[in-house]
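First up is the structure itself, then whatever we jot down about it.
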Amino acid sequence: MGVGVEERADGAIPENTLSPPEGNTTFLDGTTWCVALAGVSQVDLQNALDWACGLGMADCKAIQEGGPCYDPDTLVSHASFAFNSYYQLNGNSDIACNFGGTAAVTKYNPTDYAVWLWKCVYAAPGSVGSAAPPLLSSIWWKLALLCLLPLYLAS
1274 MGVGVEERAD GAIPENTLSP PEGNTTFLDG TTWCVALAGV SQVDLQNALD
1324 WACGLGMADC KAIQEGGPCY DPDTLVSHAS FAFNSYYQLN GNSDIACNFG
1374 GTAAVTKYNP TDYAVWLWKC VYAAPGSVGS AAPPLLSSIW WKLALLCLLP
1424 LYLAS
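Take the sequence shown: its letter number 4 is residue 1277 in our numbering, and every next letter is one higher.
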């Protein structure tokens, strides 16, 4: 963070000015996730995933075979889950979402756009990572409404 001194034309006492902090990406609602980038080297992505789940101490139980986030069984989806776990555990700083250039910060919740929506929920800032969707999530209510609406209209 840079501190500058701004000279005033009227000879008054200089004002200290602060520049915005560097290295933090914050969107309007303040919620961000870290995801693997498609199209990067598969070797680099695998190395980054191994580090995140090993020395990085990300919670990778959910992406193990049989876990709720195992499917789809792709390197990008497993890496995204692990990278986001590490990112959330380490204060959502840009440096916690680099992984050698194989990841990026996004304001879009990967849970909302994933084919494994029914089983896997990505951790969000201020939450403890969860692999199980909340029972009363809005998607469940929408599905219930879609199933019950025809019955109601038919009566």
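Glycine included, each C-beta is placed from N, C-alpha and C at the ideal position.
>> Please report the distance separating the alpha-carbon of Gly1329 from that of Thr1375.
In response: Residue numbering aside, residue 1329 sits at position 56 when the sequence shown is read from its first letter. Residue numbering aside, residue 1375 sits at position 102 when the sequence shown is read from its first letter. Those two C-alpha atoms are separated by around 15 Å.
> Apart from the five residues on each side of it in sequence, which residues of its chain come closer than 8 Å, Cβ to Cβ, to Ala1397?
Replying inline: Sequence index remark: in the sequence shown, residue 1397 carries index 124 (1-based). Excluding residues up to 5 positions away in sequence, Thr1304, Trp1306, Gln1361, Asn1382 lie with their Cβ nearer than 8 Å to the Cβ of Ala1397 in the same chain.
> At what residues does the beta strand (DSSP E) containing Cys1307 begin and finish?
Replying inline: The count along the sequence shown starts at 1 and reaches residue 1307 at position 34. Element bounds for Cys1307: 1306-1309.
>> Can you confirm whether the segment 1345-1352 touches the segment 1315-1326 when touching is taken to mean that 3 or more C-beta pairs between the two stretches lie within less than 8 Å?
In response: yes
> With C-beta atoms as the reference, is Tyr1395 less than 8 Å away from Thr1379?
Replying inline: Taking the first residue of the sequence shown as 1, we reach residue 1395 at position 122. Taking the first residue of the sequence shown as 1, we reach residue 1379 at position 106. Cβ distance not < 8 Å, so Tyr1395 and Thr1379 don't count as in contact.
> Quick one: what's got a C-beta closer than 7 Å to Tyr1343's C-beta in the same chain, skipping five residues either side?
Replying inline: The residue labelled residue 1343 in the question sits at position 70 within the sequence shown. So the qualifying residues of the chain are Ile1336, Gln1337.
> By the 10 Å Cβ neighbour count, where 16 or more other Cβ atoms means buried, how is Ala1325 classified, buried or exposed?
Replying inline: In the sequence shown, counting from the first residue as 1, residue 1325 sits at position 52. Looking at its Cβ environment, which holds 16 or more other Cβ atoms inside 10 Å, Ala1325 is buried.
> What residue range is occupied by the uninterrupted alpha helix (DSSP H) comprising Val1316?
Replying inline: Translated into the one-based positions of the sequence shown, residue 1316 becomes position 43. It spans 1315-1326 - the alpha helix (DSSP H) in which Val1316 sits, taken as one unbroken run.
> Alpha carbon to alpha carbon, what distance is there between Ile1368 and Ala1427?
Replying inline: Position 154 of the sequence shown, counted from the start, is the residue given in the question as residue 1427. Position 95 of the sequence shown, counted from the start, is the residue given in the question as residue 1368. Whole-angstrom Cα-Cα distance: 56 Å.
> Thr1379 by DSSP, collapsed to three states: which one?
Replying inline: Counting from 1 along the sequence shown, the entry for residue 1379 is found at position 106. In the structure shown, Thr1379 sits in a strand (DSSP, three-state: E or B).
> Exposed or buried, what is Ala1311 when buried is set at 16 or more other beta-carbons lying within 10 Å of its beta-carbon?
Replying inline: The residue you call residue 1311 lines up with position 38 of the sequence shown. With fewer than 16 Cβ atoms within 10 Å of its Cβ, Ala1311 is classed as exposed.
> Which residue's Cα is closest to the Cα of Asn1363: Val1308, Cys1393, Ala1331, Gly1373?
Replying inline: Residue mapping note: residue 1363 aligns to position 90 of the sequence shown, counting from 1. In terms of CA proximity to Asn1363, Ala1331 leads the group Val1308, Cys1393, Ala1331, Gly1373.
>> Can you find the residues in the same chain that come closer than 7 Å, C-beta to C-beta, to Ala1309, ignoring five residues on each side of it along the sequence?
In response: In the sequence shown, counting from the first residue as 1, residue 1309 sits at position 36. The answer, listed in chain order, is Leu1318, Val1349, Ala1352, Ser1353, Phe1356, Thr1375, Ala1376.
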